[in-house]
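First the structure, in the form of structure tokens, and then the observations on it.
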Amino acid sequence: MRITISLAGSAVFFVLLSSLTTVAQQTRVGNLVGNANHGKALYQRYCIFCHGQYGDGNGESAPYLDPKPRDFTKATFKCRSTASGSLPLDTDLYDTISRGIHATGMPSWKPLLRQERVDLVAYIKTFSPRFQEEKPAASLVIPPEPPTSPESVKRGAELFQSMNCWLCHGKQGRGNGPSASSLTDSKGYPITPFDFTSGTRFKCGESDEAIFRDLMTGLDGTPMPSFADALKPDQVWDIAHYIDALRTAKGMPVEAPAEPKVEP
Amino acid sequence: MRIAVVKRIGTQLLLGAALLAAARPAHAIPAFARKYGLPCSACHQAWPMLNNFGQTFKDNGFQLGNDRDSPIYQQPAYWPIMFRVTPTWHRESNNRVALDKVPGDGSSGLVESGTSKSGFDLSAIDVVAAGTLSKNISFFVQPFIGNGGTFLQQSWVRFDNLAGSPWLNVKVGKFELDEVISQERALTLSATGGSYYNYFFTPPGDSNFFGGIGGEPLGVELAGHSDNDYTRYSVAVASSNNGLTGLPSNQTYDVYTNFTQGFEVSRLGLQRVGVYGYFGESPTYFQTRNGTPIPGTGTGNRSFYRAGAYGHWYLGKFDFQTFYEHGYDNVFLGNSVPSNQPSKLPVGAAGPTWNGGFVEAHYTYNPRLIAIGKYELIRMSRQANPTIRGNLGNLDTWTIGYRWYPIMNPRAGLAWVQEYSRIVNAGTAPISGKDDINNSFLMGFDFDF
Chain A
1 MRITISLAGS
11 AVFFVLLSSL
21 TTVAQQTRVG
31 NLVGNANHGK
41 ALYQRYCIFC
51 HGQYGDGNGE
61 SAPYLDPKPR
71 DFTKATFKCR
81 STASGSLPLD
91 TDLYDTISRG
101 IHATGMPSWK
111 PLLRQERVDL
121 VAYIKTFSPR
131 FQEEKPAASL
141 VIPPEPPTSP
151 ESVKRGAELF
161 QSMNCWLCHG
171 KQGRGNGPSA
181 SSLTDSKGYP
191 ITPFDFTSGT
201 RFKCGESDEA
211 IFRDLMTGLD
221 GTPMPSFADA
231 LKPDQVWDIA
241 HYIDALRTAK
251 GMPVEAPAEP
261 KVEP
Chain B
1001 MRIAVVKRIG
1011 TQLLLGAALL
1021 AAARPAHAIP
1031 AFARKYGLPC
1041 SACHQAWPML
1051 NNFGQTFKDN
1061 GFQLGNDRDS
1071 PIYQQPAYWP
1081 IMFRVTPTWH
1091 RESNNRVALD
1101 KVPGDGSSGL
1111 VESGTSKSGF
1121 DLSAIDVVAA
1131 GTLSKNISFF
1141 VQPFIGNGGT
1151 FLQQSWVRFD
1161 NLAGSPWLNV
1171 KVGKFELDEV
1181 ISQERALTLS
1191 ATGGSYYNYF
1201 FTPPGDSNFF
1211 GGIGGEPLGV
1221 ELAGHSDNDY
1231 TRYSVAVASS
1241 NNGLTGLPSN
1251 QTYDVYTNFT
1261 QGFEVSRLGL
1271 QRVGVYGYFG
1281 ESPTYFQTRN
1291 GTPIPGTGTG
1301 NRSFYRAGAY
1311 GHWYLGKFDF
1321 QTFYEHGYDN
1331 VFLGNSVPSN
1341 QPSKLPVGAA
1351 GPTWNGGFVE
1361 AHYTYNPRLI
1371 AIGKYELIRM
1381 SRQANPTIRG
1391 NLGNLDTWTI
1401 GYRWYPIMNP
1411 RAGLAWVQEY
1421 SRIVNAGTAP
1431 ISGKDDINNS
1441 FLMGFDFDF
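Chains as they are written, first to last, in the numbering used here: chain A, 1 to 264; chain B, 1001 to 1449.
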């Protein structure tokens, strides 16, 4: 009798474990559930020439692209709503596929069906065991944005200097700071800091919220760190307002303090 | 006698349309694949047929929209040109042709008999230069080099995303009209099966100088689309001169308009419906000198239109394109009678009307293999001259085939093509007035690089 109960208990445990594993693997965006098998066919049609058969970013076109295509086997993604170092949420990957990554070879795949994009997310997650072994951190909660004002832009400009953003992005946000030429990504490829004055969209979205999120989560796989522990939300909003002002000004002067002297 | 003449004209028109279609190369553009490092399959369900991503790219002015589209981002070695050649072997047969009873003896009288021709062929060399001149200014130049000579098939400049909106794009030049089921991108190549007859049809004996919905007129187009291209519209105004450069043969303008809406059905695919209309006028006579028409002086204009609806339906790997057209030509056009001589109209004359359509089905096994089946028909509903037999002008065509793409990469594409097609033109046999049937078998390569 005891053996029977033990067997039954093991069976229940096994079923529960299986269902938990299934939940962990399932890809869901809204009410759409991803299917990795369908995603594989789509990946082979649309993605394989850049990201490669094994998802390692070594597709046939990869040598000609700058920056290089993402290596999915590392499960390191720039555009996330989760903390630095964490896996992205399914919605983060979905949004990246839909939006594309500006100023790279990654276009917007919005013309694909929503279901197809979710299927692609499901397949991309199969390239790294991290998606089986870990769960993404909780999504960043973005507090309400305070109104933009000359004062907030000025405070943002001061923070831009004091937090050493200028070392990479340059005094006027042109992506030409003193460290810019020596930066590399996590795979050792040279990487260029973003030129905020180009007037174009940012890599992970063009809203102030997107800038706030990038500052809080960092861009994993690049030298851009997270400032979640170093700045208060209001300060992050100030920097976001300053960066947005740089973009809107498209190279015209935006009030900013003089460049600090670099100690030799 | 008049009926015989009409039949002959009808046959010539149909053959002319078929030849025109055979000479009309479709295109995929490896120049874009080279530029962006994308495979053909990213933009084409099976090239040259576009998928929605490719259609969006085209509608964006050949831009992906990630600020890497301008020529300044390209390596100096980049060359925005592609070539297409289609070496084939094909056999064409016709069951009722008027032949001399004794070959070579024109006085021996005519008999009706079948003919067949076969051999290796090279339909044409297609050259396309296309891309962006700068952000939001795109261009397309397509000279055509074939047995029929060299001419400019398309040449246009497009100003994209005016006022920052995808809903405002203006194209000027000589261009393909915005057919969602594109004649230029037909998957079939054969003389009989490589055309959409509804796009070019005019009734037998009709004098309408109509270039066809599938033609490339000269004019201006306003077009727009949503971000994902599910909603699209276009309005084009073009000279009614069948896309010929130089002074128009007549002094009228045609208007073409198209509206389409796509909607998602989750696991089945993107479904699309649309409506279109082509409205215009054509001259019924010209000013003359010593009885010879003076080009560009066409007058006595009379109206015509083509209008209908279409759909594109996906059931997973199956998809079906459905197309319906209703056509009308003015009574003077239909009877080839100058509008200043109405007394020459036959008793009971009327503007000819007809209905037509096609269903084209595809099974896309994978991006490298697609099977094709097509059925098209045209049915006259009213003849211009009541003495003409009611079914003259009716036609039925069937085409089956497949395309296999052993090479498909960002630099070149090679397709192996096999197809069989058959057309039945009702009552157009030159002597007996029976149905005229053409069969066409084609196999060969479609090489894009």
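The beta-carbon is built from N, C-alpha and C at its ideal position, and this holds for glycine as well.
Chain-ordered chain B contacts of A75 (chain A) [CB-CB under 8 Å]: Under the 8 Å cutoff, chain B gives no residues; its nearest Cβ is about 23 Å from A75 (chain A).
Verify whether the separation of the beta carbon atoms of F1445 (chain B) and T1088 (chain B) is less than 9 Å. yes
Within 9 Å (strictly less), CB to CB, does R247 (chain A) reach chain B? no
Within the continuous beta strand (DSSP E) that includes E1221 (chain B), where are the two ends? L1218 to H1225
In terms of alpha-carbon separation, which member of B:F1062, B:I1437 and B:A1223 lies closest to H1428 (chain B)? For the record, residue 1428 (chain B) in the displayed sequence is Thr; it is not His. If we check each option's Cα against that of T1428 (chain B), B:I1437 comes out closest.
Quick one: what's got a C-beta closer than 6 Å to T1284 (chain B)'s C-beta in the same chain, skipping five residues either side? For T1284 (chain B), where only same-chain residues beyond five positions count, the Cβ hits under 6 Å are G1300, R1302, F1332, P1338 and S1339.
In chain order, what residues of the stretch 1050-1061 of chain B put their CB closer than 7 Å to some CB of chain A? For the stretch 1050-1061 of chain B, the residues whose beta carbon sits under 7 Å from a beta carbon of chain A are, in order, N1052, F1053 and T1056.
Residue-chain proximity (F49 (chain A), chain B), Cβ-Cβ < 9 Å: yes
Can the beta-carbon of L1187 (chain B) be found closer than 9 Å to that of R1403 (chain B)? yes
If you follow the alpha helix (DSSP H) that F1057 (chain B) is part of, which residue opens it and which one closes it? N1052 to D1059
In chain order, what residues of the same chain lie with their CB nearer than 6 Å to the CB of L83 (chain A), ignoring the 5 residues before and after it? According to the sequence shown, residue 83 (chain A) is Ala rather than Leu. Counting only Cβ-Cβ distances below 6 Å, and skipping sequence neighbours, we find A137.
For P1039 (chain B), which residues in chain A fall below 7 Å Cβ to Cβ? F49
Taking the alpha-carbon positions, what's the N1394 (chain B) to P1203 (chain B) distance? 9 Å
If contact means a Cβ-Cβ distance below 9 Å, which residues of the stretch 192-226 of chain A contact chain B? Result list: S198, T200 and R201.
Proximity below 9 Å, CB of Y1310 (chain B) to CB of V1265 (chain B): Not closer than 9 Å, so no.
Roughly how many angstroms separate the alpha carbons of A1033 (chain B) and S1381 (chain B), rounded to a whole number? 46 Å
Could you confirm whether any beta carbon from chain A is found closer than 9 Å to the beta carbon of L1315 (chain B)? no
For a test of the three-state rule: what should DSSP assign to R1251 (chain B), helix, strand or coil? Just to set this straight, residue 1251 (chain B) is Gln in the shown sequence, not Arg. Coil, per DSSP.
Between L32 (chain A) and chain B, is any beta-carbon pair separated by less than 9 Å? yes
For chain A, find out if any of its Cβ atoms is closer than 9 Å to the Cβ of R1403 (chain B); answer yes or no. no
Of the residues B:D1100, B:M1082, B:L1152 and B:A1415, the one placed nearest T1245 (chain B), counting alpha carbons only: B:L1152
One or two residues paired with W1313 (chain B) in a DSSP bridge: B:F1320
Run through chain A and tell me which residues come within less than 8 Å of G1164 (chain B), C-beta to C-beta. Result: empty, since nearest Cβ-Cβ is about 12 Å, beyond 8 Å.
Below-9 Å beta-carbon distance, G177 (chain A) vs any chain B residue: no
contact_flag[the stretch 1217-1233 of chain B, the stretch 1315-1330 of chain B] where n(CB pairs < 8 Å) is 3 or more: no
Quick check: the Cα distance between F1120 (chain B) and S1113 (chain B), rounded to an integer number of angstroms? 24 Å
For the putative contact between G59 (chain A) and F49 (chain A), defined by C-beta atoms under 8 Å, what is the C-beta separation to the nearest angstrom? 5 Å
Residues that P190 (chain A) contacts on chain B, provided the C-beta gap is smaller than 9 Å: None at all; the shortest Cβ gap to chain B is about 17 Å.
Taking C-beta pairs closer than 8 Å, name the residues in chain B that M106 (chain A) reaches, listed in chain order. N1066
Please list the partners that R114 (chain A) has in chain B, where partner means a Cβ-to-Cβ separation under 9 Å. E1264 and S1266
At what residues does the alpha helix (DSSP H) containing S1376 (chain B) begin and finish? For clarity, residue 1376 (chain B) is Glu in the given sequence; the question names Ser instead. Where E1376 (chain B) is concerned, there is no enclosing alpha helix (DSSP H), although the beta strand (DSSP E) it sits in stretches over L1369 to R1382.
The alpha helix (DSSP H) spanning T96 (chain A) covers which residue range? D90 to R99
Under 9 Å between C-beta atoms of L113 (chain A) and Y46 (chain A): no
For F131 (chain A), the three-state DSSP class (helix, strand or coil): helix
Measuring CB to CB, does D1126 (chain B) end up less than 9 Å from F1083 (chain B)? yes
Give the range of the alpha helix (DSSP H) segment to which L233 (chain A) is assigned. In the sequence as presented, Leu is not what sits at residue 233 (chain A); that position holds Pro. For P233 (chain A), the enclosing alpha helix (DSSP H) covers residues P233 to A249.
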